[in-house]
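The listed protein sequences derive, respectively, from chains A and B.
full-length UniProt numbering numbers the first residue of the first sequence as 1 and each following residue consecutively.
full-length UniProt numbering numbers the first residue of the second sequence as 1 and each following residue consecutively.
The beta carbon of each residue, even a glycine, is placed where N, CA and C say it ideally should be.
Note that this is a predicted model, so its numbers are computed, not measured.
Notes follow once the structure below has been shown.
2 protein chains.
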Amino acid sequence: MRAVWAETGGGAEVLRIVERALPEPQANQIRIRVAAAGINNADIVQRKSGIAPAGAPPGLGLEVSGTVDAVGEDVADWSVGQRVCALLDGGGYGDFALADARSVLPVPDDITHCEAAGLPEALLTVWQNLVVSGNCQPGDTVLVHGGGSGIGSMAVQVAKMLGARVATTAGSPERCNRLTELGADRAINHNEEDFVTIVSEMGGADVILDIVGGPYLNRNLAAAREGARIVQIAFLEGGETTIDLALLQHKRLALTGSKLRPRSAAHKGELTDAIRRFVWPTVARRGITAVIDRIFPLAEVADAHRYFEARRHFGKVILDLQN
Amino acid sequence: MRAVWAETGGGAEVLRIVERALPEPQANQIRIRVAAAGINNADIVQRKSGIAPAGAPPGLGLEVSGTVDAVGEDVADWSVGQRVCALLDGGGYGDFALADARSVLPVPDDITHCEAAGLPEALLTVWQNLVVSGNCQPGDTVLVHGGGSGIGSMAVQVAKMLGARVATTAGSPERCNRLTELGADRAINHNEEDFVTIVSEMGGADVILDIVGGPYLNRNLAAAREGARIVQIAFLEGGETTIDLALLQHKRLALTGSKLRPRSAAHKGELTDAIRRFVWPTVARRGITAVIDRIFPLAEVADAHRYFEARRHFGKVILDLQN
């Protein structure tokens, strides 16, 4: 079977399509014949370092869609031939991949594998940050930074599903239009408008999901309503920055953050279970979709990484293993 | 009746003992004949500015002990002559003060008024920060900075009552000894020892209560265990500081804070109710006490403020209205 490895760290040129033996599912695992895989920032981090996290398979790829090909001992929920998508520990860019049975979701009939491959990582990340860490409630005002990212475009949709009013930031009128079409009540072009002013006029944000960090931190504190939760998903403009603790204390804010990848299989299973119960019915009727920007065949995986790193895509970048 | 006002902002010399009319309790208020009043940092802030917060009485003083002197309409829980202590909106440095009936606690027989006057503000602040914001659980490791302060010496005792293991910082061997006597498992002399090293050797802190801020913020992130809560009660060494968001995210930490004084009467009432149910039985058998450093007669209120601001006291500084 084909797999994609980065045996030395570096740019997209280090990616190699290699031949590997078929992996055998252990107890509580399934083997998926992969139809499509999502590209995520964690893959870029792994490629640059050339090192997979402890316990993860060495191949790249955190999420796939495909069909169940084999099941390990003690797996009762899944059977061979079923269409599924899953969050993985790694190894998703390949013809076959192993998944913990707790992190698997069924793919509804109307949804293509390329669409389904864009769902697991964004949905679990959004659920962790918006609901578990952010405690989003109906009627809350939610500010989603980087609305055009895979996570951002999903966060806008999930927040709307939960009955929140959603403001989001993006870098062009076209991207803002697409976010309004996805349901955002207010899309803010951060190159022309000040999000603090606009969100303050909306009464302040109860939950802020941020991927920018750096100069955004104190601006987030300023845009927050009393008692708000600010959840740091990433910090593309720097993780070392200044904070105004007086503002944090005065407004009783909570600043928090987490990473999905290092969490336990049990924790990911709990998130997957919540998504199946509370989000999947809406996914099945296409009320929430993975926004697909572009699909690359596996042979062009290096180009796919370059395209992803240029950060001009809107939504998800997908690898098609069937082409 | 006597009251203490700061009509212009400034040093302790602006404090004036003035004559004022007896205040009349409104619905849901009681009037307390004050026996003793606690001195708090919020009093210093108010004196320096010369301005009481919106809605607060102009006189200084946030907590008192004494006897119920009159009750307003709709007050069923309290009767004239009863020994009580209370958190106030202000006006506690005086012969009589008004309290919202929800923020009043009965004073057990064995406890003097000077001791009881040191309980309300520290207990409500500790409950808000340790339990509500900090979600302290049995078996947690709690780090209390500034253990020798009124809040710190109370936090050590309450955290022990809740089944936590407690580390605390102070600035001398004598203060460390006193904190160990109050129940701290490990008292750290911050002039000679590195709290990050010591708390890390203990496995890291699940809850950190900090009054220092500034250079302590990233050291708190370093001393925290995965999933910990860091609660900013004050920031004596600066509120504008740098933060390492990568550490916050990597350990899934939550940084939060709040101020007690601006909270609603209903919120303070809820805290008071929790304290009456969960802490007061231990207070009644002297398992938790307000540590009293020094008692000043009302006539020496300016000296009491100067003494408090020198920050060499251990525990509470109290005004005695009966002398």
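Annotated as distal: B/L124 and B/L319, with beta-carbon spacing of 7 Å or more.
Close to chain A, meaning a Cβ-Cβ distance shorter than 7 Å, are the following residues of the stretch 256-267 of chain B: T256, G257, S258 and K259. Closer than 7 Å to the CB of A/E193 there is not a single CB belonging to chain B.
The C-beta of A/D140 comes no closer than 7 Å to any C-beta of chain B.
DSSP, reduced to helix, strand and coil, places A/F278 within a helical segment of the structure shown. Using a CB distance below 7 Å, the part of the stretch 220-244 of chain B facing chain A consists of Q232, F235, G239, E240, T241, T242, I243 and D244, ordered along the chain. B/R229 is classed as buried because its beta carbon has at least 16 other beta carbons within 10 Å across all chains shown. In terms of Cα proximity to A/G92, the closest of A/L62, A/I111 and A/P173 is A/L62. Contact between A/F314 and A/V291 holds, with the beta-carbon distance rounding to 7 Å and staying under 8 Å. If you ignore the 5 residues before and after B/K251, its C-beta comes within less than 8 Å of the C-beta of L221, A224, R225, E226, G227 and A228, all in its own chain and listed in chain order. If you draw a straight line from the Cα of B/M161 to the Cα of B/V142, it is about 12 Å long.
As far as DSSP is concerned, B/R285 takes part in no beta bridge.
Chain B has no Cβ within less than 7 Å of the Cβ of A/A54. CA-CA distance, A/E115 to A/E201, rounds to 36 Å. Here the stretch 135-150 of chain A makes contact with the stretch 170-182 of chain A; the two share three or more CB pairs at distances below 8 Å. The residue among B/I30, B/D206, B/E13 and B/A122 with its C-alpha nearest the C-alpha of B/D100 is B/I30. A direct Cα-to-Cα measurement between B/V156 and B/A184 gives close to 6 Å. For A/P138, the three-state secondary structure derived from DSSP is coil.
Among the CB atoms of chain B, none fall inside 7 Å of the CB of A/L271. By the rule that beta-carbons nearer than 7 Å mark a contact, A/L248 touches chain B. Ranked by Cα distance from B/I295, the first of B/A6, B/G134, B/S264 and B/G38 is B/G38.
Proximity of A/G213 to chain B, defined by a Cβ-Cβ separation below 7 Å, is satisfied.
Note that the stretch 163-173 of chain A touches the stretch 184-197 of chain A; at least 3 beta-carbon pairs, one per stretch, sit closer than 8 Å.
Assignment of beta strand (DSSP E) within the stretch 94-118 of chain B, counting only whole runs of 3 or more residues, yields 96-100 and 104-106 in chain order.
Two segments are said to touch when three or more pairs of C-beta atoms, one from each, lie closer than 8 Å; by this definition the stretch 254-261 of chain B touches the stretch 236-250 of chain A. Here the alpha carbons of B/G9 and B/V64 stand approximately 23 Å from one another.
Each of A/G238, A/V166, A/D43 and A/E7 was checked against the Cα of A/I198, and the nearest Cα belongs to A/V166.
Partner residues in the beta bridge of A/A167, as assigned by DSSP, are A/L143 and A/R186. Cβ neighbours of B/A56 within its own chain (closer than 6 Å, five residues either side excluded): D89 and G90. In this structure, the straight-line span from the alpha carbon of B/I233 to that of B/I151 is close to 9 Å. In the three-state scheme derived from DSSP, where H, G and I count as helix and E and B as strand, A/S133 is classed as helix.
Around the beta carbon of B/P215, fewer than 16 other beta carbons sit within 10 angstroms, so the residue counts as exposed. Residue burial annotation: B/A299 is exposed, with fewer than 16 other C-beta atoms found within 10 angstroms of its C-beta. Around the beta-carbon of A/D206, 16 or more other beta-carbon atoms lie within 10 Å, marking it buried. Here the alpha carbons of A/Q82 and A/D110 stand approximately 14 Å from one another.
Note on geometry: alpha-carbon atoms of B/L22 and B/R2 lie some 9 Å from one another.
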